[in-house]
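A.B. asks: Listed in order, the protein sequences are those of chains Z and W. Be aware that the first sequence starts at -3, since it is given in this note's numbering, and climbs by one per residue. Be aware that the second sequence starts at 103, since it is given in this note's numbering, and climbs by one per residue.
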Amino acid sequence: MIEFHLLLILSNLEEHRLSRNNGGKTISKSPARYMLSGLARNKGVTTFALILTVISTLLITIPSIIIGMAVDELLQPDGVTPELTISPLFVTYVWIIIGLAVLYMGLYFLVGYVWAIVTLRWERDARQDFFEALQDYSMTFHDEVDSKRLLSVAMQDISWIRFSLNPALRNLAGAFISFGITIIILIQIDFMPSLQNFLVLNLGGFSVPIYGFTAIMVIGTPLYMAFSYRYANAIEPVRRKRSEDMEQLTATTQGVFSGIEVVRAFGKEDYEQVKFQDVSKTYEKSVAKEGRLAAFYIPALVMIAMTSIAFLYASYAVINDAIEPGTLVTIMALLMSLEGLNFMLPRMLLMIRGGYVNAQRIVDILNWKETLIEPEEEVPEIDWLGDIVFENVSFKYGANDNDNEHYALKDFNITIPGGSRVALIGGPGGGKSSILKLLLRLYDPTEGTIRVGNVDLRDVNTETVRNVVGLVEQDIFLFRMSVRDNIAFGRHDATHEEIVEAATRAQADEFIIELPEGYDSMIGERGMTLSGGQRQRLAIARAIIQDPKILLLDDSVSAVDAQTEFLMRKALEEVMVNRTSITVTQRLRTLIESDLVIIVDKGQIIAAGCHEDLLRDSDHYRKIFERLPGAQSILAAASARGGGA
Amino acid sequence: MAMHGRRGPTAMAGQRPKRSRPIRVLLGRMVHYLGRFKRIVAIGAVLSLGATIVALFDPLVLKFAIDEILVINPLIATVFFLTTLYVIFKVTSWILSSINIWILAGAQAGFVQNIQEDLYIKLLGADLSYHKGEQSGNVTSRVTSDTVELGTGVQVIIDFSSQVLMLVSTFLLLLWIGPSIALTILVILPGVAFIAILFGTVGQRIMLASRRASGAVSGQIAENLSGIHVAKAFNREKELAEDMMELNQKSYHHGFRFMILMSAMQPLVRTIGQLALATMLFVAGGLAVGTLPVLTISDLFLGIILINRFLWPLLSLTMMSTQVQSSMAAMDRVMDVLESKPAIADADDAMPLEDESDGIHFQDVTFEYVEDTPVLNGVNFSIEPGEMVAIVGHTGAGKTTIAALVNRFYDPKEGGIFIGRQDIRQVTQQSLHDSMSLIPQEPYLFDDSIFENIRYGRPEATDEEIYEICKIIGANEFIEVLADGYDTKSIESGKNLSAGQRQMITIARTMLADPKILILDEATSRLDAYSESLVQDAQERLFSNRTTIVIAHRLTTIANASRVFVFDHGNLVENGTHEELLALNGVFKSLYDTYYAHQGIDEITEEVAEVAKSEVEKHGGEPPAPSGSGMMMGMGGGMGAGMGHGGMGGGMGGMRPSPEMIEKMKEQYKSDPDSIPPPMREMFEKMIEAEEMTDEKKEEVGKREMSGHGGPIGSGRPTPEMIEKMKEQYKTDPDSLPPNAREMIARRIAEDEKSED
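1. What are the boundary residues of the beta strand (DSSP E) that includes PHE511(W)?
2. Using a C-beta to C-beta distance shorter than 9 Å, which residues of chain W count as neighbours of LEU130(Z)?
3. Does chain W have any CB closer than 8 Å to the CB of THR365(Z)?
4. Given that a residue counts as buried once 16 or more other Cβ atoms are within 10 Å of its Cβ, and exposed if not, what is VAL573(Z)?
5. Under a CB-based cut-off of 8 Å, is LYS192(W) close to chain Z?
6. For SER148(Z) versus TYR100(Z), is the C-beta spacing smaller than 8 Å?
7. Let me confirm a value: HIS134(W) is counted as buried when at least 16 other C-beta atoms fall within 10 Å, else exposed. Which label applies?
8. Only counting the same chain, and skipping five residues up and downstream in sequence, which positions put a Cβ closer than 7 Å to that of MET402(Z)?
9. On the three-state DSSP scale, how would you describe SER442(W)?
10. If the cut is a Cβ gap below 9 Å, which residues of chain W does TYR100(Z) touch?
11. Report, in whole angstroms, the separation of the C-beta atoms of MET487(W) and GLY461(W), which I expect to be a contact under 8 Å.
12. Taking just the CA atoms, how far does ASP589(W) sit from SER122(W)?
13. To the nearest angstrom, how far is the alpha carbon of ALA318(Z) from that of LEU158(W)?
14. Going along the chain, which residues of the stretch 570 to 584 of chain Z sit with their C-beta nearer than 8 Å to a C-beta in chain W?
15. Pick from ARG501(Z), ASN409(Z), VAL465(Z), PHE202(Z): whose alpha carbon is nearest that of GLY444(Z)?
16. Measure from the C-beta of HIS492(Z) to each C-beta in chain W and report whether the shortest distance is under 8 Å.
17. What are the complete alpha helix (DSSP H) segments, minimum 4 residues, inside the stretch 560 to 631 of chain W?
18. Based on Cα-Cα distance, which residue from ALA380(W), LEU269(W), ARG628(W) lies nearest to ARG583(Z)?
19. Hey, ILE483(Z) and ILE541(Z) are a contact pair by Cβ (cut 8 Å); roughly how many whole angstroms apart?
20. Give the DSSP-derived three-state secondary structure of LYS365(Z) in the structure shown.
21. Is VAL675(W) near ASP695(W), with beta carbons less than 8 Å apart?
22. Are PHE483(W) and VAL477(W) touching if we call contact CB-CB under 8 Å?
23. At a Cβ cut of 7 Å, what residues of the stretch 136 to 166 of chain Z count as close to chain W, listed as they run along the chain?
24. Taking the Cβ atom as the reference point for each residue, do ILE575(W) and ARG611(W) lie within a distance shorter than 8 Å?
25. Report the neighbours of ASN687(W) on chain Z: residues whose CB is nearer than 8 Å to its CB, in chain order.
26. Can at least three beta-carbon pairs, one atom from the stretch 255 to 268 of chain Z and one from the stretch 294 to 301 of chain Z, be found at a separation below 8 Å?
27. Report buried or exposed for VAL67(Z), applying the criterion of at least 16 other Cβ atoms within 10 angstroms of its Cβ.
28. From the DSSP output, read off the bridge partner residues of ILE546(Z).
29. Measure the alpha-carbon distance for VAL448(Z) versus LYS545(Z) and round it to whole angstroms.
30. Using a C-beta cutoff of 8 Å, does THR210(Z) count as contacting chain W?
31. Mind checking whether PHE475(Z) and PHE336(W) have CB atoms under 8 Å apart?
32. Do you know how far the Cα of GLU286(Z) is from the Cα of ASN202(W)?
33. Of all Cβ atoms in chain W, is any one closer than 8 Å to the Cβ of GLU79(Z)?
34. Taking SER484(W) as part of the beta strand (DSSP E), name the residues at either end of that continuous run.
35. Under 8 Å, do ALA615(W) and SER539(W) count as touching if we go by C-beta distance?
36. Report the rounded CA-to-CA distance for VAL266(W) versus LEU46(Z), giving the unit in angstroms.
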């Protein structure tokens, strides 16, 4: 019957395995609630598991009583029959112990099974939710937070919380139940008729009976628990310090060995050695400190006191015939098995404490305040090929309310005619890539507005914006997927023909078919790394298949050979047709062919116009051409024309 | 993605690590390090022995007490005395073992720190070829996780000895007091053996699968976080989340099996304990009822207490063996590092580089990274003090190698390199590096503030000097607008900065260092033309009369150099000013046409592109190489469990494994395929196959050459013999050669004629 119920409950769980409510956007919870969300969600199963835990603990405790009874049976004068065989009652006792042991095994295993399902599902879902929450956060978040840290939170912190539920919370529940049952049994013994008036304290005429075992347990248990808790509390900051020191040690070491060439080229070995020594000595100290905490573990002393006082009291009772020797054995067996908790309890308490800290870290991340807000109502029907207008746009990285006074873009004003080819040039940090990112709505401007076809980008969902705005980024990121899937990343329902067509137009087909497995060649994993030019052409194919209305290209590739350059130019030519394109470029040829060249510096426009005009009017622009061989003639021609005009 | 470390997947995944040294040697080395704490360890051992002996007797005391109770006329005083004795014993052993723990904790931490420092110093001085051959994550784990593993190993060995001591002495004591109880306790042995075998076989397998699955999740999260901007730009978050769900579900499945196994552990052990208890009751019942009781109630009591004392230590012993195995493997890896001798070390009579030594001279320098594939062949050149020389050549011509050799990152195989008249092998590395600076191709930033990154070039530089240099090279503008200006911290090797910005910062760092000799390895490749011109102006102003080597990638740099060295296949083939070399119409001219001519504003014609293509292909082109990033992912498989040691190292874009590393792994694959994780194994299989194929192809080509038919030239480099043959052929019948080869041969013949003149 029980098994049937359990199966029912478990199959219910199976159905709900994709239902998640313990993370994601809905969460704005306290760490404790986050930790317990898995249990709270499956209240029925959890209660059931707790009941099973009580029963199985009973099953493992009862044998101690039976041993006592068996011992008494042995000591009974009539327990031994004249034929020198063991009494049948004694044999029955032994079989009961065996039976209980087997039953316990089955039941306890079941408990473990249920806990495993509940907690591991929580872990899986919490990780999934956490990941999805991270994905949803805007780039402001990802700029701020180290992805190494996010990864370790996603993997380790969530695992640690699960550890704190299972085994820690489960075993802690078991330990409390063990204590509880032991207390109940000992109180029971205290109230045995023979012990009723065993020790009586006379207080001014009142006779107060003393319940010895009750007193031992009622005083001892809270003391024991209090000291255990204190221990777990003391070790928690030490352990946290230790893992921070370890992180520091790893970061220092990793930094030096990844940059060993720099260290060596500047002859800084001695300096790095001293730095390392500091860090490793600090780590040594915290390791030693943590190790030392295990020494002088007070709860063990409390337990010794409880055991020996109970023994003394019980012995006194036996001698005075108040209890049977078997009862003494029972009492001692019960207390001795509690002693086993000396090792387990503090570890479990520590895990739960640690789990709470981890939950705090996760909840902090999940409660991060999003700055990029989706519009409540989206503007329908937008002319994406309309003019792109930057109106008094100022932008700074980081949350709006931070005290950073340096703007990446400042009072930026420009109108980009729809369908035109725009080239964007300027030094590092001038604001080129910020412009691209704003157009993708990876960020919103801090001040001012960006309008496309007269619609404020803030009034359009990010998803819609990113559907019509395509990007070929500077450091091309390809996923560990086949070439085909990487191209289809631009549009997930693309057919094979469409993919090949896009690749062909991007001048990528030629090298793809040369790859060992053509379009199925894996990129990354056991596959290929492609040259910069090849990666870029794949990214262009990815953009072509997306067919965006506005194309953003960050084309700052370093010098390549003429063939690659030739193909690249053809690919770019192809991808720019029928859309507004904005290209960050170093290619002088692209500048000449653009409808509009914008020079940005320090977040502001220095000059804008077509090549000819700029050559005539802008010193900055002329400087770019100045050093090229043959540039003198261009410049001369331009200034001649300028002079004539 | 940097891989987490080779030890990651093997040790973590629970594969039996292969060791190259016998346990005796490894233990010896551990003892050697512990020997630095001789006194402490000795005291610890004595304390531990004492605690064990005391603990041995406390249950006995209780047994005697019970005996006392059960006599005809029990005396409470005796019981009281024995109980007090029990308390004294218990407290004494508690104090002794606490002191022991206290002392050993310090010794253990010191032991780990000692090894860490030794390793770190050794690795700092290790040859660059070692660092190139290993992922930095791998090197880091030598210092971090391996040493921690060793520390745990020491702990386990100490625990192990005290457990064994306890076990054996308890058993002997029991045997003496009541042999029947002692023998009865042995019934737990089959149970313990069963559990040990269960966990050793099925358990290992399940654990392995579970770790792999969670490693896959971790790898996927890492990748998706690195590519988050792409996922956003293409609205693909949902699909990626679905993929993640699949991996997550798989990891759940394996994790569940593992946890079920672990859940089975506790009831199994306790049930075995209960069964032993029942057996003992049976035996006791049988023996106690005899006319002469062999077994008393107190003996039974003793047995009940001691069952637990037997069961758990035995089990933990079986569990410890895995830990001992992996710390021995860690010791082995650590010893590899400690025993290695760096090839590049200061000579005994090394002198500091003298102030007046300047100018760089290569004398018959031959160098190879991998045996028998020379990168430089007998290179001779002299760069006069104050001269600026540009080096050009195809990919793989040996340009970067020259920069590395001048810095003495490697020593040449033959020949010598001189600064002024001093051989750099006779110069202290410290003084050598003090007087020269290299700006490498890939800018590297430490995870520190921009201030500190720039100051790395000269620690005593003031803030004003840093502002000054940044203003000169035009970096000040962009640094000032960063979130925290100069105090902005570079994170993940600079993911928060653009490639151009990173490059600017490394340039500022080097210029601040103010070296006597400056080497720029495509140092401005990621800058726009205007910023580059600013840097060049700064360079002219600050370094105009210093010895400078520029590995050039842009025309403008070449034009500025006083001389240009043209390298081809490790040979210095042409040398002169830009104009002279162009007039020569040789290798430089074709390089010029291929790489530089189109940097201007002219249209590229199909024809030019074709020529460039054949030129690049002749030099091996840019073949798709085995991946760096993906490989790291595959190897980082064990990350899930062992993260936290900078699992995501390297950062974006993926690093390419160096040729040395690939060579090394190939060797490893050949000798022991299992030591390489499966996904990579496949890759190496392919690479080796491909290698064998090209070998065959070469032979084929060679054969065809012998028979006189002008076969196609493979993508490989033609041998000198082949070229000679082709020259002959060209002279008799030019059309029999393929067009691209024709051109080359024609050029060679022209060269020959010139040199004959």
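Don't be surprised by glycine CBs; every beta carbon is placed ideally from N, CA and C. Only a predicted model underlies this, so the values are computations on that prediction, with no experimental measurement involved.
C.D. replies: Taking the structure as given:
1. Where PHE511(W) is concerned, there is no enclosing beta strand (DSSP E), because DSSP gives it neither an H nor an E.
2. Within chain W, the residues near LEU130(Z) are ILE323, ASN326, LEU327, ILE330.
3. Thr is not the amino acid found at residue 365(Z); the sequence shown has Lys there. No, its Cβ sits nowhere closer than 8 Å to a Cβ of chain W.
4. That one is exposed.
5. Using a Cβ-Cβ cut-off of 8 Å, LYS192(W) counts as an interface residue toward chain Z, since at least one Cβ of chain Z sits closer than that to its own.
6. No; because the gap between Cβ atoms is not below 8 Å, this pair is not in contact.
7. Around the Cβ of HIS134(W), a 10 Å sphere holds fewer than 16 other Cβ atoms; the residue is exposed.
8. Checking the sequence shown, residue 402(Z) turns out to be His, not Met. Answer for HIS402(Z): LYS392, listed in chain order.
9. The DSSP-derived three-state label of SER442(W) is coil.
10. Here the neighbours are PRO369, ARG372, THR373, GLN376.
11. Sequence inspection shows Pro at residue 487(W); the Met mentioned does not correspond to that position. At roughly 4 Å, the Cβ-Cβ gap stays under 8 Å, so PRO487(W) and GLY461(W) are in contact.
12. Linking SER122(W) to ASP589(W) through their CA atoms gives a straight-line distance of about 48 Å.
13. As the crow flies, the alpha-carbon of ALA318(Z) is around 31 Å from that of LEU158(W).
14. Residues passing the 8 Å Cβ filter: GLN582, LEU584.
15. For the residues ARG501(Z), ASN409(Z), VAL465(Z), PHE202(Z), the minimum Cα distance to GLY444(Z) belongs to ASN409(Z).
16. Between HIS492(Z) and chain W, the shortest Cβ-Cβ separation is not below 8 Å.
17. If we require 4 residues or more, the alpha helix (DSSP H) runs fully inside the stretch 560 to 631 of chain W come out as 565 to 575, 578 to 582, 601 to 615.
18. Nearest to ARG583(Z) by C-alpha distance, out of ALA380(W), LEU269(W), ARG628(W), is ARG628(W).
19. About 6 Å separates the two Cβ atoms, so the contact holds.
20. For LYS365(Z), the three-state secondary structure derived from DSSP is coil.
21. Their beta carbons are not under 8 Å apart, which means VAL675(W) does not touch ASP695(W) by this criterion.
22. The answer is no: Cβ separation not under 8 Å.
23. For the stretch 136 to 166 of chain Z, residues whose beta-carbon sits nearer than 7 Å to a beta-carbon of chain W comprise HIS138, ASP139, ASP142, SER143, LYS144, LEU146, LEU147, SER148, ALA150, MET151, GLN152.
24. Not closer than 8 Å, so no.
25. Taking a Cβ-Cβ cut-off of 8 Å, ASN687(W) has no neighbours in chain Z, whose nearest Cβ is about 17 Å from it.
26. When Cβ pairs closer than 8 Å are counted between the two stretches, the stretch 255 to 268 of chain Z is seen not to touch the stretch 294 to 301 of chain Z, the count staying below three.
27. By the beta-carbon neighbour count (other beta carbons within 10 angstroms, threshold 16), VAL67(Z) is buried.
28. According to DSSP, ILE546(Z) bridges with VAL465(Z), THR576(Z).
29. Their Cα atoms are separated by approximately 11 Å.
30. So no, THR210(Z) is outside the interface.
31. Cβ atoms of PHE475(Z) and PHE336(W): not closer than 8 Å.
32. Answer to the nearest angstrom: the Cα atoms are 14 Å apart.
33. Low per-residue confidence applies at GLU79(Z): pLDDT is 46, beneath 50, and the placement is therefore not dependable enough to give any value.
34. Start and end: 476 to 485.
35. For ALA615(W) and SER539(W), yes; Cβs fall inside 8 Å.
36. The alpha-carbon separation between VAL266(W) and LEU46(Z) amounts to approximately 37 Å.
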